[in-house]
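Okay, structure first, notes after.
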Amino acid sequence: MGFLHRHRGLTPYLLLAPGIAWLALFFLVPLGFLAYQSLESGSIDFGYAFNWAWGNYWDAIHNYRRQFIRSFEYAGIATVLALVISYPVAYFIAFRGGRWKNLLLLCIVAPFFVTYLIRTLAWGTILSDNGFVVRTLHDLHLLGSDGRLLATSTAVVAGITYNFLPFMALPLYVSLEQIDSRLIEAAEDLYASKLQAFLRVTLPLSLPGVVAGTLLTFIPAAGDFVNAQLLGGTKQHMIGNVIQAKYLELIDYPAAAAMSFVLMAVILILVLAYARAVGTEQLTG
Amino acid sequence: MTDQLTRRQLLERAAIGGAAITFPGILAACGGGGSDASEGTTSVERKLAKTLRMSNWTLYIDVKGKRHPTLEQFEKKTGVHVKYTEDIDGNASFFGKIQPQLQRGQSVDRDIIVMTDNSRYPSLLIDKGWVEKLDKSAIPNMKNLIAQQRHPAWDEDRDYSLPWQSGITGIGYNAKLTDPVKSIDDLLTDPKLKGKVGVLDDYSGTLTLVMLANGDDPGKVTDASFDRAIKKLQKASDSGQIRRFYGNSYKEDFAKGDLAATIAWSGDVAQLQFSNKNLQWDVPTEGGEIWTDNMFIPKGGNVYTASTFMNFVYDPKVAAQIEAYIQYICPVDGAKAAMLKLDPSLSKNRLIFPTKQMLDNVTSLDAKAFNNEKYLTTWNNLISA
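These protein sequences, in sequence, are chains Z and A. FYI, in numbering that gives the first Met the number 0 the residues of the first sequence are 0 to 284. FYI, in numbering that gives the first Met the number 0 the residues of the second sequence are 0 to 384.
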């Protein structure tokens, strides 16, 4: 006790120590190892050796451009869809939920009690060629006679949207819930229409939630491989699938590591550009 | 070859800092001496362990309720409890999981693992010295191994491996959705099957079948025959004929009717037939692929206990009991006779005991193609487009 008393300034660092140790051990060390590995070359039969193989990066970008672009496309569409779907839901719960608030929130989180894999497999059953969704769409002539949903881009994007929806809805709810309703009343007192009040008061105040939600959805979605694997067909593979195959099927660690770094770099650039565009204060609320 | 680090490399890597500590080579260089010394002259402690740890593929042993009768009988007979884990879902993925420990000379905490001979891994495990020699004196039942399986090219005298089961890669079809699909060409081009065709992402199985359909010899892969096979698959993939390249999961889509026909493994279809009689399987007219899953004792496993278990499952009566449930092709002589007593109807099942005609029409892929990096990369780009 005496020590801490004398070195009061140390307290915050001591409190931070477990977190820093955790990050260093389980993030920085593996990251360094990954960086090292991404510059190796060789094969599993003869072993890998470090030789500044920058070519791995060029190969990653050059050979798998399509999968990179597709990943960001799918993640982008899914993020927008998730935002469009969850904003009204979060708005309703925050402003009209009343005493049902907690129950409604539970409904959003409830699917999370089931594992990711099972939820995605369930979509495989829902969208199956003989399932009721496809049959109904056929009957309504919204889908050609040989049309299908499973093993298409639609299925993959739908799966991603569904799986990451709570990451969007919850931050949105938190920021909407914090809005002081008197501000909206004031806007209306000053002759703003409902729409104007929403656009000029509610929406700007909920931006931190929008920013947090889009980031929490987009980043993991871009690296996802489960949805493409289980709901996609021959032409829906995302970069996550390629990385997974390189790591576990081809046992080509350097290529997989280089691709992971490229993915990380692109996401970082996109996030920075996004942060600049909306202003950093929105990130921190 | 490059496994052993020079002193300079070691220092260079050490200089990289903390991150490099996890680098397998360093640990191998520091602690590798022991495993090198024991190579070749494995000293066998002839005392049974308390527990035998075995990793196997799913649906690959008899089940009764939640119990495995064969494993219980083994425990009763020898007092050794079998910790049986179904954690092998693919040769490559499982190898990827245990490779880092093996490379470092660490134990993988398993006494028996099962790997398929239509992949690069069996020969890789042996060449790298990552598996123990079998204690043949503890496996007198090895005499029951069928003649065709005694001398594989990658383990001439079965010093390191013993077959668990074999199977044939062929074509499965759903009789409710399609007429019989007899050839790979029908599978990959018949417009009636468009979007309802499954192809396995199994490099060896799929390539062997397509090469046979092309009139090429899968036993001697050339750049030209490889390209022809890839081109044919690429075309079927681009045209939308192929729905997806599947791993083990093709079974669900096949059973639920999303696939009308698919490249499929014999025993899987035999098992699916229990619940869906419409699912049929046959060797394609141009020929099929035969493969064998082999038991290995990874470095650090208990050789005597593992060998004792292998001896147990090579007893024809035990083999018949496993076979009656899993319905793959049995490598144990005398199992058919034993099964006749157990369940006479099964001994006529040609998926378990294939006819001579079937066996004459199956072959396997050129082992040189298993570790051709260029081929493997081309293949992977095809299936993860």
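C-beta: ideal position from N, C-alpha, C; glycine also. From a predicted model like this one, the values you see are computed outputs, not experimental measurements.
Asked: 8 Å is my cut-off, CB to CB: does Arg243 (chain A) come that close to chain Z?; Found: yes
Asked: Could you check if Thr213 (chain Z) is buried or exposed, using at least 16 other CB atoms within 10 Å of its CB as the buried criterion?; Found: buried
Asked: Beta-carbon of Asn306 (chain Z) versus every beta-carbon of chain A: anything under 8 Å?; Found: Since the displayed chain Z opens at 0 and closes at 284, residue 306 (chain Z) lies outside it and no answer follows.
Asked: Can you tell me which of the three DSSP states Glu322 (chain A) falls into?; Found: helix
Asked: What residue range does the alpha helix (DSSP H) around Ser363 (chain A) cover?; Found: No alpha helix (DSSP H) holds Ser363 (chain A); DSSP gives it neither H nor E.
Asked: With the cut-off set at 8 Å, would you say Thr291 (chain A) and Pro353 (chain A) are in Cβ contact?; Found: no
Asked: One question on the structure: do Thr177 (chain A) and Leu208 (chain A) come within less than 8 Å of each other, judged by their Cβ atoms?; Found: no
Asked: Any beta-carbon of chain A closer than 8 Å to the one on Ala244 (chain Z)?; Found: yes
Asked: Rounding to the nearest angstrom, what Cα-Cα distance links Thr424 (chain A) and Val81 (chain A) in this structure?; Found: Coverage of chain A is limited to positions 0 through 384, which leaves residue 424 (chain A) absent and any answer about it impossible.
Asked: Counting contacts by CB-CB distance shorter than 8 Å, is Ile19 (chain Z) in contact with chain A?; Found: no
Asked: Does the separation of the CB atoms of Asn62 (chain Z) and Ser37 (chain Z) fall below 8 Å?; Found: no
Asked: By a C-beta neighbour count over all protein chains shown, 10 Å radius and 16 as the cutoff for buried, is Tyr115 (chain Z) buried or exposed?; Found: exposed
Asked: Whole angstroms is fine: what's the gap from Gly299 (chain A)'s alpha carbon to Gly128 (chain A)'s?; Found: 11 Å
Asked: In whole angstroms, what separates the C-alpha of Ala384 (chain A) from that of Val198 (chain A)?; Found: 14 Å
Asked: In this structure, does DSSP put Ser37 (chain A) in helix, strand or coil?; Found: With a pLDDT of only 40 at Ser37 (chain A), under 50, the local geometry of the prediction cannot be trusted, and the value read off the model is given with reservation. The answer is helix: DSSP assigns Ser37 (chain A) an H, G or I state.
Asked: Which residues of the region 211-237 of chain Z have a Cβ closer than 8 Å to any Cβ of chain A? Give them in chain order.; Found: Leu229, Gly231, Gly232, Thr233, Lys234 and His236
Asked: Under a three-way DSSP split, which group does Phe273 (chain A) fall into?; Found: coil
Asked: What residues are listed by DSSP as bridge partners for Trp56 (chain A)?; Found: A:Ile87
Asked: Within its chain, find whatever has a CB closer than 8 Å to the CB of Ser386 (chain A); leave out the 5 residues flanking it on each side and keep chain order.; Found: Past the boundaries of the shown model lies residue 386 (chain A); chain A is included only from 0 to 384, so the question cannot be answered.
Asked: By DSSP, does Val282 (chain A) sit in helix, in strand, or in coil?; Found: coil
Asked: DSSP three-state label for Pro162 (chain A), please.; Found: strand
Asked: What is the DSSP secondary structure of Asp134 (chain A), reduced to helix, strand or coil?; Found: coil
Asked: Looking at chain A, which residues of the region 31-58 of chain Z have a Cβ within less than 9 Å of any of its Cβ atoms?; Found: Gly31, Phe32, Leu33, Ala34, Tyr35, Gln36, Gly41, Ser42, Ile43, Asp44, Phe45, Gly46, Tyr47, Ala48 and Phe49
Asked: What number of angstroms, rounded off, separates the C-alpha of Asn140 (chain A) from the C-alpha of Thr376 (chain A)?; Found: 41 Å
Asked: How long is the line joining the alpha carbons of Gly146 (chain Z) and Gln147 (chain A), rounded to whole angstroms?; Found: 47 Å
Asked: What residue from Z:Gly158, Z:Gly96 and Z:Asp58 has the CA that sits closest to Ala121 (chain Z)'s CA?; Found: Z:Gly158
Asked: Leaving out the 5 sequence neighbours to the left and right, which residues in its chain are closer than 7 Å to Ala334 (chain A) when beta-carbon positions are compared?; Found: Pro315, Ala318, Ala319 and Glu322
Asked: Would Leu278 (chain A) pass as a contact of Phe253 (chain A) if the rule is Cβ separation under 8 Å?; Found: yes
Asked: For Asn173 (chain A) and chain Z, any beta-carbon pair shorter than 8 Å?; Found: no
Asked: Whole-angstrom Cβ separation of Gln268 (chain A) and Gly171 (chain A), contact assumed at under 8 Å?; Found: According to the sequence as given, residue 268 (chain A) is Val; it is not Gln. Rounded, the Cβ-Cβ distance is 5 Å, consistent with contact.
Asked: Which word fits Gly8 (chain Z), buried or exposed, when buried means at least 16 other C-beta atoms lie within 10 angstroms of its C-beta?; Found: exposed
Asked: Residues in the region 132-160 of chain Z with C-beta within 7 Å of chain A's C-beta atoms, listed in sequence order?; Found: Asp145, Arg147, Leu149 and Ala150
Asked: For Leu26 (chain A), which residues in the same chain have their Cβ closer than 7 Å to its Cβ, ignoring the five residues on either side in sequence?; Found: Caution is warranted here: a pLDDT of 37 is assigned to Leu26 (chain A), below 50, making its placement in the model unreliable, and the coordinate value is therefore given only provisionally. Contacts found: Arg103.
Asked: Would you report the Cα separation of Thr394 (chain A) and Phe308 (chain A), rounded to the nearest angstrom?; Found: Nothing about residue 394 (chain A) can be read from this structure; chain A reaches only from 0 to 384.
Asked: Would the beta-carbon of Ile325 (chain A) fall within 8 Å of that of Ile60 (chain A)?; Found: yes
Asked: Looking at Leu230 (chain Z): is its Cβ nearer than 8 Å to the Cβ of Leu149 (chain Z)?; Found: yes
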